[in-house]
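Enquirer: Have a look at the structure that comes next, please.
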Amino acid sequence: MSPEGAIAGRVEIRSAQATDIDALADIYLDSARHHVALDPEHYRLPERAAVADRLRGILAEAGGSTGYLAAVADGRVVGSVTIRLFPEPSAGSMVASVKSAEIGIAVLEEARGRGFGTALMTAAENWAVERGARLVVLDTSARNTDAVRLYERLGYEVGGLFLRKSVGPE
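Right under this line is the structure:
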């Protein structure tokens with residue numbers, strides 16, 4: 043089923059639109075505040091204008107190998123997900139040649155725990171499958187335990203580790 047117009051309970055999943063930019067920026071900044079609280083050494087709160095410019099760029103890329111979907115409940119955009127198809131690894135790469143996509147998701151804090159994330163993830167996976175993907179990946183902070191629980195409940199498993207070490211002056 044195409045994610046366009048997919049309904050899951052009280053939520054409509056549809057393509058993000060230029061008229062959604064303010065709401066999408068609110069969602070992104072809400073997510074940024076959440077991540078800064080979890081791990082201030084890794085995350086920061088960007089300026090709203092820069093966020094809006096970034097999101098306009100994602101919208102401009104949408105179609106082809108990039109998808110940008112919005113969750114709408116009671117006429118309000120409450121979450122979003124981006125999906126990007128990875129280019130296939132070159133013949134000289136040791137990485138298996140499996141068509142893959144990466145998901146990035148955000149849901150307003152006040153709307154979390156109500157099924158919107160699950161609806162967005164399902165729609166994003168469907169979007170990727172419709173375009174030939176066999177594998178979906180995402181990254182999240184290990185400190186984001188609620189998100190980790192959601193992803194595990196949806197069948198995601200740890201496939202690697204992201205390690206970091208501060209080596210320079212602050």
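Letter by letter, the sequence shown follows residues 43 to 212 in this note's numbering. We put the beta carbon where it would ideally sit given N, CA and C, even for glycine.
Under a Cβ-count criterion, where at least 16 other Cβ atoms within 10 Å of its own Cβ denotes burial, should A113 be classed as buried or exposed?
Expert: Residue 113 sits at position 71 when you count from the first residue of the sequence shown. So A113 ends up on the buried side.
Enquirer: In the DSSP output, which residue or residues are listed as bridge partners for E144?
Expert: Taking the sequence shown and counting its residues from 1, one reaches residue 144 at position 102. R126, V179, per the DSSP bridge assignment.
Enquirer: Nearest to R165 by alpha carbon, out of E194, V123, R176?
Expert: Counted from its first residue, the sequence shown places residue 165 at position 123. According to the sequence displayed, residue 165 carries Ala and not Arg. Ranking E194, V123, R176 by Cα distance to A165 puts V123 first.
Enquirer: Looking at E152: is its Cβ nearer than 8 Å to the Cβ of F128?
Expert: As a working note, residue 152 is residue 110 in the sequence shown. As a working note, residue 128 is residue 86 in the sequence shown. No, they are not a contact pair.
Enquirer: With three or more beta-carbon pairs closer than 8 Å as the criterion, would you say the region 193-208 touches the region 92-103?
Expert: As far as the Cβ criterion goes, the region 193-208 does not touch the region 92-103, which means the pair count is below three.
Enquirer: Hey, how far is the Cα of T160 from the Cα of L196?
Expert: For the purposes of this step, residue 160 is taken as residue 118 along the sequence shown, with counting starting at 1. For the purposes of this step, residue 196 is taken as residue 154 along the sequence shown, with counting starting at 1. Their Cα atoms are separated by approximately 8 Å.
Enquirer: Compare the beta carbon distance of R86 and V93 with 8 Å and say whether it is the shorter of the two.
Expert: Translated into positions along the sequence shown, residue 86 becomes position 44. Translated into positions along the sequence shown, residue 93 becomes position 51. Cβ distance not < 8 Å, so R86 and V93 don't count as in contact.
Enquirer: For the beta strand (DSSP E) holding E54, just list the boundary residues, first then last.
Expert: In the sequence shown, residue 54 corresponds to position 12, counting from 1. It spans 53-57 - the beta strand (DSSP E) in which E54 sits, taken as one unbroken run.
Enquirer: To the nearest whole angstrom, what separates the beta carbons of D62 and V119, a pair I think is in contact under 8 Å?
Expert: Counting from one through the sequence shown, the residue named residue 62 turns up at place 20. Counting from one through the sequence shown, the residue named residue 119 turns up at place 77. Indeed they touch by this definition, with Cβ atoms about 5 Å apart.
Enquirer: Suppose you measure from the CA of P45 to the CA of P211; what does that come to, to the nearest Å?
Expert: Here residue 45 refers to the residue found at position 3 when the sequence shown is read from its first residue. Here residue 211 refers to the residue found at position 169 when the sequence shown is read from its first residue. Any answer about P45 is weak, because its pLDDT of 46 lies below 50 and its placement is not dependable; what the coordinates show is given next. In a straight line, the C-alpha of P45 is about 46 Å away from that of P211.
Enquirer: Any chance you could list the alpha helix (DSSP H) runs of at least 4 consecutive residues sitting entirely within the region 158-211, in chain order?
Expert: Complete alpha helix (DSSP H) runs here, min 4: 158-172, 187-195.
Enquirer: At which residues does the beta strand (DSSP E) containing Y85 begin and terminate?
Expert: Mapped onto the sequence shown, residue 85 falls at position 43. Premise fails: Y85 is in no beta strand (DSSP E) and is neither H nor E.
Enquirer: Go ahead and pull the three-state DSSP assignment for A48.
Expert: In the sequence shown, the residue the question calls residue 48 occupies position 6. The predicted position of A48 is uncertain, since its pLDDT is 45 and thus under 50; a value taken from the coordinates is nonetheless stated next. A48 falls in the strand class under three-state DSSP.
Enquirer: Any idea what DSSP makes of V137, helix, strand or coil?
Expert: On the sequence shown, position 95 is the one that residue 137 refers to. Coil.
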